[in-house]
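J.:
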Amino acid sequence: MSTTGIPTSRAGALRRRLPGSLAWHIGSLLVLAVILYPVIWVVGGSFKKSEDIVGSLDLFPGDPVLSNYTSLADGIADISISTFFFNSLFLAVGSVIGIVVSCSLTAYAFARIRFAGRNLLFTLMIGTLLLPYHVLLIPQYVLFRNMEMINTYTPLLLGKYLATEAFFVFLMVQFMRNLPKELDEAARLDGCGHLRIYWSIMLPLCRPALITSAIFTFINAWNDFMGPLIYLNEPDKYTVSLGLKMFVDQEGLANYGGMIAMSLVALLPVLAFFLAFQRYLIDGMATSGLKG
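See below:
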């Protein structure tokens, strides 16, 4: 009785779960198709002629061409695309260095040093996360214009070296608070000051949080369009995001093939940076913010 009842009950349970499981898998495939369709279309569009891209939803080109990629070697408006890539790389690397140094120093002060008004200042800093980025654009532009810094990279980099990114400060503060304070006490017994503790103990132990901040900063700086659009006037100072805008002429006609091809090429540095440090990104997000 028992030997036949168990398989029968299992078969019944499988039959009851089958419709729900089938519906879940079909729904997952539909969502995956919706997500992947634009990606595949863009890749396929980079091998189409511009006139074949407009009004066509075909995933794959009927007559593939490489001219969209080879034309990138000729540059845009007599400016080599390597100039755009160098400018973007300069801003991205400069932003990463500024964020990692300034935010980690600020986080160390909030997490390890007791001073009057620490909690109030930390709360005010977190409150700046509620301010939309676009609200500050006009005041910042007026400030930098009065300082004659328009058409330079200074407005795009200065804030990164002043720990103005509250999210990254918060991320590092939460990470440092999880580290045993006995490490600081032992270092002080050996005669170490705050700077030595920060450099020799905190930075190595906070590597996941630092790399997490570096990845997000690199991606944000590389993809930034609004900042360079506002502050940069000369095409030879344009970043990749502004270089893409130059594929549209003054009459509104666009070289969609070249634009798509350059967009895909522009993804390669970001993708390589992310793949190189993704393990630390997961560690940083998993171990930060566990304690207040």
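According to the UniProt record's numbering, the sequence shown is numbered sequentially starting from 1. The C-beta atom is built at its ideal place from N, Cα and C for all residues, glycine as well.
Under 8 Å between the Cβ atoms of Tyr238 and Asn119?
T.: No, these two residues do not count as a Cβ contact at 8 Å.
J.: Quick check on DSSP: helix, strand or coil for Val54?
T.: The answer is coil: DSSP assigns Val54 none of H, G, I, E or B.
J.: Checking the sheet assignment: what are the DSSP bridge partners for Leu248?
T.: Leu is not the amino acid found at residue 248; the sequence shown has Val there. Looking at the DSSP assignment, Val248 forms a beta bridge with Ala254.
J.: Provide the residue(s) that pair with Ile76 in DSSP beta bridges, ordered along the chain.
T.: BP columns for Ile76 point to Ile79.
J.: Just the Cα atoms here: how many angstroms apart are Val43 and Leu32?
T.: Those two C-alpha atoms are separated by around 17 Å.
J.: Going by Cα to Cα distance, which pick from Asn233, Ile215, Met172 is closest to Cys103?
T.: Taking only the C-alpha atoms, the option nearest Cys103 is Met172.
J.: Between the Cα of Leu232 and those of Leu271, Phe144, Ser213, spot the shortest distance and give me the residue it belongs to.
T.: Of the listed residues, the one whose Cα sits closest to Leu232 is Phe144.
J.: When DSSP labels each residue in this structure, what does Leu281 get in the three-state scheme?
T.: Looking at Leu281 - three-state DSSP - the assignment turns out to be helix.
J.: Measure the alpha-carbon distance for Leu124 versus Ala166 and round it to whole angstroms.
T.: Between Leu124 and Ala166, the C-alpha separation is close to 10 Å.
J.: Could you name the residues of the same chain whose beta carbon sits closer than 7 Å to that of Ile230, not counting the 5 residues immediately before and after it, in chain order?
T.: Around Ile230: Leu137, Tyr141.
J.: Between the beta-carbon of Leu105 and the beta-carbon of Tyr256, is there less than 8 Å?
T.: Contact flag unset, no.
J.: Sorted by chain position, which residues of the same chain lie with C-beta nearer than 7 Å to Phe85's C-beta, five sequence neighbours on each side aside?
T.: Closer than 7 Å at the Cβ level, and outside the excluded window around Phe85, lie Val240.
J.: Please classify Ile113 as buried or exposed, where buried requires at least 16 neighbouring CB atoms within 10 angstroms.
T.: So Ile113 counts as exposed.
J.: Should Ala214 be labelled buried (16 or more other beta-carbon atoms within 10 Å of its own) or exposed?
T.: Ala214 should be labelled buried.
J.: Determine the DSSP secondary structure at Asn87, reduced to helix, strand or coil.
T.: In the structure shown, Asn87 sits in a helix (DSSP, three-state: H, G or I).
J.: Look up Ser28 in the DSSP assignment and say whether it is helix, strand or coil.
T.: Helix at Ser28.
J.: Report the rounded CA-to-CA distance for Lys49 versus Asn146, giving the unit in angstroms.
T.: Whole-angstrom Cα-Cα distance: 46 Å.
J.: If I follow the unbroken alpha helix (DSSP H) through residue 299, where does it start and stop?
T.: Past the edges of the chain, shown from 1 to 292, lies residue 299, and the structure says nothing about it.
J.: On a Cα-Cα basis, can you pick out the residue from Arg207, Phe122, Asp78 that is closest to Val100?
T.: The shortest C-alpha separation from Val100 is found at Arg207.
J.: Suppose contacts are defined by Cβ-Cβ distances below 8 Å. Is Thr217 in contact with Val39 by that definition?
T.: No, the Cβ-Cβ distance between Thr217 and Val39 is not below 8 Å.
J.: Could you spell out the range, first to last residue, of the alpha helix (DSSP H) harbouring Ile113?
T.: Unbroken run through Ile113: none, as it is neither H nor E.
J.: Does DSSP classify Pro228 as helix, strand or coil?
T.: In this structure, Pro228 counts as helix in the three-state DSSP scheme.
J.: By DSSP, does Lys291 sit in helix, in strand, or in coil?
T.: Confidence is the limiting factor: at Lys291 the pLDDT is only 43, short of 50, which leaves the residue's position unreliable and the question unanswerable from this model.
J.: Can you tell which of Phe168, Ile211, Glu51 has the C-alpha that lies nearest to the C-alpha of Gln278?
T.: Of the candidates Phe168, Ile211, Glu51, the one whose C-alpha sits nearest the C-alpha of Gln278 is Ile211.
J.: Just curious, the alpha helix (DSSP H) that Pro180 is in, first and last residue?
T.: Note, Pro180: premise wrong, no alpha helix (DSSP H); not H, not E.
J.: How would you call Leu244, buried or exposed, if buried means at least 16 neighbouring beta carbons within 10 angstroms?
T.: Buried is the call here.
J.: Considering Cα atoms alone, identify which of Trp222, Leu29, Leu267 is closest to Val93.
T.: That would be Trp222, whose Cα lies nearest to the Cα of Val93.
J.: Using CA atoms only, rank isn't needed, just tell me which of Pro132, Ala107, Leu267 is closest to Phe122.
T.: The shortest Cα separation from Phe122 among Pro132, Ala107, Leu267 belongs to Ala107.
J.: CB Leu195 to CB Leu179, shorter than 8 Å?
T.: Contact: no.
J.: Here's a check: name, in chain order, each residue in its chain whose Cβ is nearer than 8 Å to the Cβ of Val169, leaving out the five neighbours to either side.
T.: Closer than 8 Å at Cβ, skipping near neighbours: Cys103, Thr106, Ala107, Phe110, Met125, Ala163.
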